[in-house]
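Colleague:
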Amino acid sequence: MLDDIFSSEKAIQLWLVLFLASVLVGGIVTGFFKARKIQPKGFKWKVFRNEGIFGMVNLAVSAFLIGAPTAWLTSNGYIATTKGAADWWTIAFEYALYFFLFDTWFYWLHRAMHQGRFYTYVHKLHHLSTSPNLLTTLSVNPLESLINGGFVPLFLVAMTFIAPISEQSMALITPTNIIMGLYVHSGYEFFPRWWNKSWATKWFITTTFHDQHHKYFTANFGGYTTIWDRLCGTMRPKFEQDYLKVKDRARPAPALEPAE
Ligand SMILES: [Zn+2]
Ligand SMILES: [Zn+2]
2 MLDDIFSSEK AIQLWLVLFL ASVLVGGIVT GFFKARKIQP KGFKWKVFRN EGIFGMVNLA
62 VSAFLIGAPT AWLTSNGYIA TTKGAADWWT IAFEYALYFF LFDTWFYWLH RAMHQGRFYT
122 YVHKLHHLST SPNLLTTLSV NPLESLINGG FVPLFLVAMT FIAPISEQSM ALITPTNIIM
182 GLYVHSGYEF FPRWWNKSWA TKWFITTTFH DQHHKYFTAN FGGYTTIWDR LCGTMRPKFE
242 QDYLKVKDRA RPAPALEPAE
């Protein structure tokens, strides 16, 4: 039994699970997570319950709305990938192309979804959550999931005709939306204090950036990056100031000066 655990492939999986579990427990016990909560008083059970219900409905409907056409396009040759090992720069280029094109698609459609009936009938449901958590990611009208998630099959069809992407890039692209969604809705800020000050990093979205979109509605429309918001002046003016406030809570209290 012990030999099996320590010598087989299961050992890696077991240690990974134990490592993640200890990080989680350690983070809770030491208050690491609590200090990084963006909206400490934002959680409401009723909203959380609704997110669970909307999330399940959305998953079932949008899996069909996006999954069925994608399967049809693939089986009829409209979505094809190159097989075999690809160069790392090919994968990097294809992934970067997807990343920036999706970000552009998301930003402009998201801004449009904040207008009139488009907001009422499509996007409003997602904004019932004013303090996001992981479940908020799924709590989206299936029509909105179709608009956002539909980009992936459209991109893959276009690339099939222009220059088919490698199956390795495909494996990275497919889970990106859900991973980025969970990341920006996590409700916790884990990035360092200097993130938005450095020219090299400030373009990449942080959780606080999208969290503020849920709290204030009128700014920070980007999904993967802050580029379009910075270019178009739609970034919340107090975003960086409030980001620092969140980070200040995670700092150790300064030692008191000894009284003279
Ligand atoms: Zn919105
Ligand atoms: Zn959101």
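If you're matching positions, the sequence shown starts at 2 in this note's numbering and goes up one per residue.
The beta carbon of each residue, even a glycine, is placed where N, CA and C say it ideally should be.
#1: Fully enclosed by the region 105-187, which alpha helix (DSSP H) runs are 4 residues long or longer?
#2: Please say whether residue 82 and residue 180 have beta carbons closer to each other than 8 Å?
#3: Assign residue 130 to one of two classes, buried (16 or more other C-beta atoms within 10 Å of its C-beta) or exposed (fewer than that).
#4: Apart from the five residues on each side of it in sequence, which residues of its chain come closer than 7 Å, Cβ to Cβ, to residue 151?
#5: If distances are taken between C-alpha atoms only, which option among 10, 175, 236 comes closest to residue 204?
#6: In the DSSP assignment, what residue or residues form a beta bridge with residue 205?
#7: Between which two residues does the alpha helix (DSSP H) carrying residue 244 extend?
#8: Since residue 199 is in the alpha helix (DSSP H), which residue starts that stretch and which ends it?
#9: If you measure from each CB to the nearest heavy atom of ligand 2 and keep those under 7 Å, what residues do you get, in chain order?
#10: Please specify which runs of the alpha helix (DSSP H), each continuous and at least 4 residues long, are wholly inside the region 13-86, giving them in chain order.
#11: For residue 239, count the other beta carbons within 10 Å of its own beta carbon; 16 or more makes it buried, fewer makes it exposed. Which is it?
#12: I need the straight-line Cα distance from residue 250 to residue 243, nearest angstrom please.
#13: Within 7 Å: the Cβ of residue 55 and any heavy atom of ligand 3?
Modeller: On the basis of the supplied data:
#1: 143-150, 152-163, 168-174, 177-185
#2: Between residue 180 and residue 82, the CB-CB gap reaches or exceeds 8 Å.
#3: buried
#4: 67
#5: 236
#6: 226
#7: 240-250
#8: It is not in any alpha helix (DSSP H) - residue 199 carries neither H nor E in the DSSP assignment.
#9: 127, 133, 137, 185, 186, 211, 214, 215
#10: Scanning the region 13-86 from its first residue to its last, the whole alpha helix (DSSP H) runs of 4-plus residues come out as 33-36, 46-76.
#11: exposed
#12: Each residue's Cα considered, the two are about 11 Å apart.
#13: Within the structure as shown, ligand 3 is missing, the only ligands being ligand 1 and ligand 2.
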